[in-house]
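> The structure's right below; bear with me while I get my questions together.
Numbering (the numbering used here), first residue to last: 1134 to 1324.
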């Protein structure tokens, strides 16, 4: 049994840990943070030359798009209604989603993992997303924790989880969909 577990860990990496842990919380803060940790795990997996980097990229691409779209559809509009939540922080997060999507598309279009320029594009994506995660956690996530009541955070969490799940069902990280998302935000694919 131990060998099978080790093989599973080797093939799937740490990213599976967050995906399979207890999902009993519906607090939007905890759900967002859980996704952020999963993204970080997937980045580690994508940097590991012994891992299935292409599979990790597909999982990351789907999660990144679904997470951002769910935040923008369900969480950010609600946070804008709180006087103590800075509107500029919300707008800045939307802008950083677009920057992350541009870096994601560049990686998706870079060819197979390990090919010419792939690792460089990966690092560009890691930098863009890590910067966003850090800023969002220090601003909007903390604001939600401080100024949004527990029941409202649970309502937002249920709405976020539903929107995220619905988006994940359509494999949103496909390059053609990432291009559409960028076009919808007024950005070109950069290719």
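Even glycine gets a Cβ: it sits at the ideal position worked out from N, Cα and C. Remember, predicted model here, so these are calculated numbers, not experimental data.
Between which two residues does the alpha helix (DSSP H) carrying residue 1280 extend?
Start and end: 1275–1280.
> Hey, residue 1179 and residue 1164: beta-carbon distance below 8 Å or not?
Cβ distance not < 8 Å, so residue 1179 and residue 1164 don't count as in contact.
> Is the distance from the Cβ of residue 1289 to the Cβ of residue 1182 below 8 Å?
No.
> Helix, strand or coil: which one does DSSP assign to residue 1261?
Residue 1261 falls in the helix class under three-state DSSP.
> According to the Cβ coordinates, are residue 1285 and residue 1203 closer than 8 Å?
The answer is no: Cβ separation not under 8 Å.
> Could you tell me whether any non-hydrogen atom of the ligand COA is closer than 7 Å to the CB of residue 1211?
Looking at this structure, you won't find the ligand COA or any other ligand, since it has none at all.
> Entirely within the segment 1154–1190 and at least 3 residues each: give me those beta strand (DSSP E) ranges in chain order.
The segment 1154–1190 contains no whole beta strand (DSSP E) run of 3 or more residues.
> Find out if the Cβ-Cβ distance for the pair residue 1266, residue 1254 is shorter than 8 Å.
Contact: no.
> Have a look at residue 1271 and residue 1197 and give me their C-alpha separation to the nearest angstrom.
Rounded to the nearest angstrom, the two C-alpha atoms are 19 Å apart.
> With respect to the alpha helix (DSSP H) encompassing residue 1228, which residues constitute its N-terminal and C-terminal limits?
Looking at the DSSP string, the run of the alpha helix (DSSP H) that includes residue 1228 is 1220–1241.
> In the structure shown, what three-state DSSP assignment does residue 1254 receive?
Of the three classes helix, strand and coil, the one that applies to residue 1254 here is helix, per DSSP.
> Residue 1294 and residue 1159 - do their beta-carbons sit closer together than 8 Å?
Yes, these two residues count as a Cβ contact at 8 Å.
> Do residue 1311 and residue 1212 have their beta-carbon atoms positioned less than 8 Å apart in this structure?
Not in contact: residue 1212 and residue 1311 (Cβ atoms no closer than 8 Å).
> For residue 1320, collect the residues of the same chain with a Cβ closer than 6 Å to its Cβ; drop the 5 residues on either side in sequence, then sort them by chain order.
Answer for residue 1320: 1231, listed in chain order.
> Would you report the Cα separation of residue 1309 and residue 1247, rounded to the nearest angstrom?
C-alpha separation (whole angstroms): 22 Å.
> Using only the alpha-carbon positions, how far apart do residue 1287 and residue 1187 sit?
Roughly 34 Å separates the two Cα atoms.
> Where do the N-terminal and C-terminal ends of the alpha helix (DSSP H) with residue 1214 fall, by residue?
Where residue 1214 is concerned, there is no enclosing alpha helix (DSSP H), given that its DSSP letter is neither H nor E.
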